[in-house]
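Reading through the structure tokens given below for one structure.
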Amino acid sequence: MHLSTIAPLILVFLSSTHAHPLTVRDGSGEGEGDVDPSRSLSVLVDGNKRFREDMANSENPNIIHDLATNGQHPPFLFLGCSDSRVNDGTIFDALPGTFFTERNIANQYHRTDINVQASLAYGLTELGVEHVIVMGHYGCGGVAASIASPPSGNIDAAGDAVQSWIQPIRELYATSTRPEIVSLRQSNSNASAPIPPPKISNPGFRALVEENVKHTVQTIAEDSVVVNIYHDLAAGGKRERKRSAGEEVKNVFIHGLVYDLETGKIVDLGVSVGPPGVDVPTFGSLQ
Ligand SMILES: [Zn+2]
Numbered sequence: 150m151h152l153s154t155i156a157p158l159i160l161v162f163l164s165s166t167h168a169h170p171l172t173v174r175d176g177s178g179e180g181e182g183d184v185d186p187s188r189s190l191s192v193l194v195d196g197n198k199r200f201r202e203d204m205a206n207s208e209n210p211n212i213i214h215d216l217a218t219n220g221q222h223p224p225f226l227f228l229g230c231s232d233s234r235v236n237d238g239t240i241f242d243a244l245p246g247t248f249f250t251e252r253n254i255a256n257q258y259h260r261t262d263i264n265v266q267a268s269l270a271y272g273l274t275e276l277g278v279e280h281v282i283v284m285g286h287y288g289c290g291g292v293a294a295s296i297a298s299p300p301s302g303n304i305d306a307a308g309d310a311v312q313s314w315i316q317p318i319r320e321l322y323a324t325s326t327r328p329e330i331v332s333l334r335q336s337n338s339n340a341s342a343p344i345p346p347p348k349i350s351n352p353g354f355r356a357l358v359e360e361n362v363k364h365t366v367q368t369i370a371e372d373s374v375v376v377n378i379y380h381d382l383a384a385g386g387k388r389e390r391k392r393s394a395g396e397e398v399k400n401v402f403i404h405g406l407v408y409d410l411e412t413g414k415i416v417d418l419g420v421s422v423g424p425p426g427v428d429v430p431t432f433g434s435l436q
């Protein structure tokens with residue numbers, strides 16, 4: 150089924166009068182430190198109340214109860230960045246039950262990360278997700294840090310974890326032959342240290358965000374979870390493994406998108422992957 154025929158079934162565009170607050174500032178114009186802590190927490194309480202009202206007034210007023218009773222059958226698995234500006238439910242204006250979500254710094258799929266592997270395995274083999282959405286975003290702090298000089302001097306364990314986590318992106322930056330990235334690398338090699346994070350508009354930075362998404366798509370496509378599903382599909386479409394043996398196997402597609410922080414728009418990188426011999430659905434012209 151073409152993605153554009155699925156999306157309207159599950160994406161409900163709520164009235165702008167229900168827009169959720171994105172800030173805990175009190176609007177006084179004074180500094181962040183002047184915000185009353187109880188007032189900032191009330192943003193969450195008020196938001197949850199508004200969410201329940203929105204659901205009660207939606208096309209399916211029983212959606213929360215129905216999802217609890219019937220279980221989740223999300224059509225999409227979302228692997229995105231932890232960045233607070235790139236929340237999947239918010240930017241796609243999606244209802245509960247739409248996304249099975251995994252987020253981490255710079256939307257990566259490390260083969261040594263049991264967390265992301267478990268999410269992919271559970272989402273695809275148990276929940277029957279059909280579309281994996283890998284989404285990066287321009288202006289990604291994790292990608293910017295991979296271009297900048299690493300911190301010097303003493304670094305605590307948490308900071309060390311961040312540097313280890315982004316190391317694959319540093320390697321991508323160091324080895325990519327994409328012209329924008331080569332150019333940025335050359336200009337940084339001539340700069341005096343330390344190299345600062347690039348500006349959001351920097352072409353090399355934007356290209357590295359895209360290449361990082363492509364790398365994640367490719368890594369997922371090569372993971373044994375996906376390889377096994379494609380094998381089962383080629384062998385007749387029945388699952389051969391695990392406790393769901395004998396069940397019909399669904400097609401699984403993996404897509405690479407980038408979210409533009411400055412406009413709120415989505416860019417399709419055109420790197421979607423699907424089972425051998427199966428037409429891969431496209432997003433068409435994303436507007
Ligand atoms: Zn990010």
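In the working numbering, the protein residues as written are 150 to 436.
No residue lacks a Cβ here, since even glycine has one placed at the ideal position from N, Cα and C.
Option in the options with minimal Cα separation from residue i
| i | options | result |
| --- | --- | --- |
| residue 277 | 329, 350, 240 and 268 | 268 |
| residue 298 | 398, 369 and 316 | 316 |
| residue 343 | 396, 200 and 302 | 302 |
| residue 282 | 401, 190 and 216 | 401 |
| residue 292 | 305, 353 and 338 | 353 |
| residue 226 | 214, 247 and 217 | 247 |
| residue 233 | 253, 380 and 220 | 253 |
| residue 205 | 324, 245 and 333 | 245 |
Separation of residue j from residue i, as counted between CA atoms
| i | j | result |
| --- | --- | --- |
| residue 426 | residue 273 | 20 Å |
| residue 202 | residue 415 | 28 Å |
| residue 289 | residue 338 | 22 Å |
| residue 294 | residue 257 | 14 Å |
| residue 424 | residue 371 | 12 Å |
| residue 279 | residue 361 | 22 Å |
| residue 351 | residue 306 | 31 Å |
| residue 222 | residue 300 | 43 Å |
| residue 429 | residue 209 | 31 Å |
| residue 431 | residue 355 | 22 Å |
| residue 399 | residue 198 | 37 Å |
| residue 319 | residue 312 | 9 Å |
| residue 271 | residue 220 | 14 Å |
| residue 327 | residue 230 | 23 Å |
| residue 422 | residue 309 | 34 Å |
| residue 363 | residue 217 | 35 Å |
| residue 397 | residue 314 | 37 Å |
| residue 332 | residue 341 | 16 Å |
Contact check, residue i vs residue j, beta carbons under 9 Å
| i | j | result |
| --- | --- | --- |
| residue 366 | residue 403 | yes |
| residue 463 | residue 413 | Since the displayed the chain opens at 150 and closes at 436, residue 463 lies outside it and no answer follows. |
| residue 250 | residue 262 | no |
| residue 407 | residue 329 | no |
| residue 357 | residue 382 | no |
| residue 410 | residue 287 | yes |
| residue 285 | residue 243 | no |
| residue 296 | residue 346 | yes |
Ligand 1 heavy atom lying under 8 Å from the CB of residue i
| i | result |
| --- | --- |
| residue 285 | yes |
| residue 405 | no |
| residue 97 | As shown, the chain starts at 150 and ends at 436. That puts residue 97 outside it, with no answer to give. |
| residue 295 | no |
| residue 356 | no |
| residue 351 | no |
| residue 254 | yes |
| residue 413 | no |
| residue 207 | no |
| residue 191 | no |
| residue 362 | no |
| residue 416 | no |
| residue 265 | no |
| residue 292 | yes |
| residue 428 | no |
| residue 409 | no |
| residue 195 | no |
| residue 325 | no |
| residue 231 | yes |
- Message: So within the stretch 293 to 327, which uninterrupted beta strand (DSSP E) runs reach at least 3 residues, ignoring any that extend past its ends?
- Response: none
- Fully enclosed by the stretch 357 to 401, which beta strand (DSSP E) runs are 3 residues long or longer? none
- Query: What residue ranges within the stretch 249 to 278 form continuous alpha helix (DSSP H) runs of no fewer than 4 residues, ordered along the chain?
  - Reply: Within the stretch 249 to 278, the complete alpha helix (DSSP H) runs of at least 4 residues are 263 to 270.
- Message: Could you tell me which whole beta strand (DSSP E) segments of length 3 or greater appear in the stretch 222 to 252?
- Response: 225 to 230
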